[in-house]
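The next block holds one structure in the form of structure tokens; read it before the comments.
In this note's numbering, the protein residues as written are 85 to 254.
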């Protein structure tokens, strides 16, 4: 669905370029820009439509379940990634957002210190129910206060720089 939405946005942008650019004074620059934009538009639309068709045909869904003893996540998008862990080994379910790039990430922090990233943002998943199931299986697991709350994280070099400048809050 996102691919089709992007096709619509690209089409609106292309239509806007065709509508408003010819009104500019420098006709040669407009012709050069449209000579590049037109093939690029067709390539982008073709790739997005091909991806939409591929995902429609493949139509695989993530499977997540929590039992009293295990958490199982099967993600078909990334080579049928399968994670099967004992819920007693999970210390925390982390949701972070990078301070510099606003990149969202989710993952499991295990009691032994290992971190397993999860790609749950690509799927429609009821995180509230997921968190409740994790807490029911093991009440010691730390989960975010809200299913959609992310903790902002900064790189180590930025933390050191902020500390030197006296701006360290986190």
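Built from N, CA and C at the ideal position, the CB exists for glycine as well. Bear in mind the structure is a predicted one, so any value in this text is a computation, not a measurement.
| message | Does the contact criterion of 3 or more C-beta pairs under 8 Å hold for the segment 144 to 153 versus the segment 207 to 217? | response | yes
| message | Only counting the same chain, and skipping five residues up and downstream in sequence, which positions put a Cβ closer than 8 Å to that of residue 225? | response | 171, 174, 175, 176, 177, 218, 219
| Taking Cβ positions, are residue 200 and residue 234 nearer each other than 8 Å? | Contact flag unset, no.
| said: Under DSSP, the alpha helix (DSSP H) around residue 178 begins and ends at which residues? | reply: Note, residue 178: premise wrong, no alpha helix (DSSP H); beta strand (DSSP E) at 174 to 182.
| task | Taking residue 184 as the reference, give the member of 190, 91, 132, 241 with the closest Cα. | result | 241
| request: Check whether the Cβ atoms of residue 136 and residue 188 lie closer than 8 Å to each other. | output: no
| task | Compare the Cα-Cα distances from residue 186 to each of 156, 239, 143 and report the closest residue. | result | 239
| task | Under the assumption that residue 93 contacts residue 129 (Cβ atoms under 8 Å), give the Cβ distance between them as a whole number of angstroms. | result | With a beta-carbon spacing of about 11 Å, residue 93 and residue 129 fall beyond the 8 Å limit used to define contacts.
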